[in-house]
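S.K.:
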Amino acid sequence: MGLETEKADVQLFMDDDAYSRHSGLDYADPEKFADPGGDRDPNRLNSHLKVSFEDVIAEPESTHSSDKVWVCSHALFEVSKYVIYKFLTVFLALPLAFAAGILFATLSCLHIWIIMPFVKTCLMVLPSVQTIWKSVTDVVVAPLCTSVGRCFSSVSLRLSHD
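Here this note's numbering is used: position 120 in the sequence shown is 1094, and no number is missing along the way.
#1: Would you mind giving the Cβ-Cβ distance between PHE1051 and PHE1027, rounded to the nearest angstrom? I have them listed as a contact below 8 Å.
#2: In this structure, how does DSSP classify HIS1022 when only helix, strand and coil are distinguished?
#3: Between the C-alpha atoms of LEU1068 and THR1037, what's the straight-line distance to the nearest angstrom?
#4: Secondary structure at LEU1133, three-state DSSP: helix, strand or coil?
#5: Going by alpha carbons, who is nearest to LYS1024 out of GLY1012, GLU1033 and LYS1055?
#6: In terms of residues, what are the limits of the alpha helix (DSSP H) holding ALA1183?
#7: Assign ASP1029 to one of three DSSP states: helix, strand, or coil.
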């Protein structure tokens, strides 16, 4: 089926002393395996979200606020963006990840167990349907069209310019 040619992207991190054969798995500290410096968007899905202060707020040459207002505005923008993002991710990331997991699991299950068997069944049945349709066309539609064609073949039109 081609599954044996695909490579898995799953990695298992486990200390030798973290697993005890008598007591089961001793869960390791998740901070130990966190990758703080890694790229969390390797496929550049959200590269358009790199918004800086200069992308949002810009003062033309003719109108400038004081330097202190500009610096404070910049600092407030960056701090509020950081804090609000962290706050929202704390409360929304886990429920949304859970909901997305349920959604994609449901879609995958529907695709694997309902949609693809239905499509394959239709593709298996189509040759039979094609044979029946050809027979119906040959028996009913073709003689009807031939008869109508013969009826109208004796009709002639003459156009005269009076």
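Note that CB positions come from ideal geometry on N, CA and C, so glycine has one too.
M.R.: The short version:
#1: Yes, they are in contact, since the Cβ atoms of PHE1051 and PHE1027 sit about 5 Å apart, within 8 Å.
#2: Helix.
#3: Their backbone Cα atoms lie some 44 Å apart in a straight line.
#4: The answer is coil: DSSP assigns LEU1133 none of H, G, I, E or B.
#5: Ranking GLY1012, GLU1033 and LYS1055 by Cα distance to LYS1024 puts LYS1055 first.
#6: Residue 1183 lies beyond the stretch modelled for the chain, which goes from 975 to 1136, so this question has no answer here.
#7: Per DSSP, reduced to three states, the secondary structure at ASP1029 is helical.
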